[in-house]
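With our numbering, letter number 94 in the sequence shown gets 120, and the count goes up by one each step, no holes.
Heads up, the thing below is written out as structure tokens.
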Amino acid sequence: MKYFFARNTLTKLIENNHKVQIVIKTKDVLESLLKNDGFEYINIFPSERGTSKLSIAWSLIKRNIILFPIILKFKPDLLIGTDATIAQLGKLLRV
27 MKYFFARNTL
37 TKLIENNHKV
47 QIVIKTKDVL
57 ESLLKNDGFE
67 YINIFPSERG
77 TSKLSIAWSL
87 IKRNIILFPI
97 ILKFKPDLLI
107 GTDATIAQLG
117 KLLRV
């Protein structure tokens, strides 16, 4: 459901010639929705995580490690998302 709220924002940013990099983790039907709408994206976590607390914590650490170089390379001036990784790396990199 969150995708439908973000889709209009993404479309407007792209229409206004902003560089947009969509980064996702596998979840429900998100990847299919992005493909259907013609958005390009990077899937940083293509496998589902486990349900234990350790698995959830390890997944967060891995996403931080994977996303860190993507943010450094892309040099965004805005990060939008619902994942805790966005807030952690945004704070660390002063985005």
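Cβ atoms here follow ideal geometry from the backbone N, Cα and C, with glycine treated the same way.
Since the model is a prediction, treat every value here as computed from it, not as a measurement.
For a test of the three-state rule: what should DSSP assign to F30, helix, strand or coil? helix
Does any residue of chain B bring its CB to less than 8 Å from the CB of S58? Structure shown: chain B not included; a single protein chain is present.
Please report how far the alpha carbon of V46 lies from the alpha carbon of L115, in whole angstroms. CA-to-CA, the gap between V46 and L115 works out to about 17 Å.
Are R33 and D63 touching if we call contact CB-CB under 8 Å? yes
Closest by C-alpha distance to T111, when choosing among F100, T35 and A83: With distances taken between Cα atoms, T111 lies closest to A83.
Endpoints, the alpha helix (DSSP H) within which F100 is located: K79 to F100
Burial state of D109 (16 or more Cβ within 10 Å): buried
Which of the three DSSP states is assigned to K51 in this structure? strand
Classify L104: buried if its beta carbon has 16 or more other beta carbons within 10 angstroms, exposed otherwise. exposed
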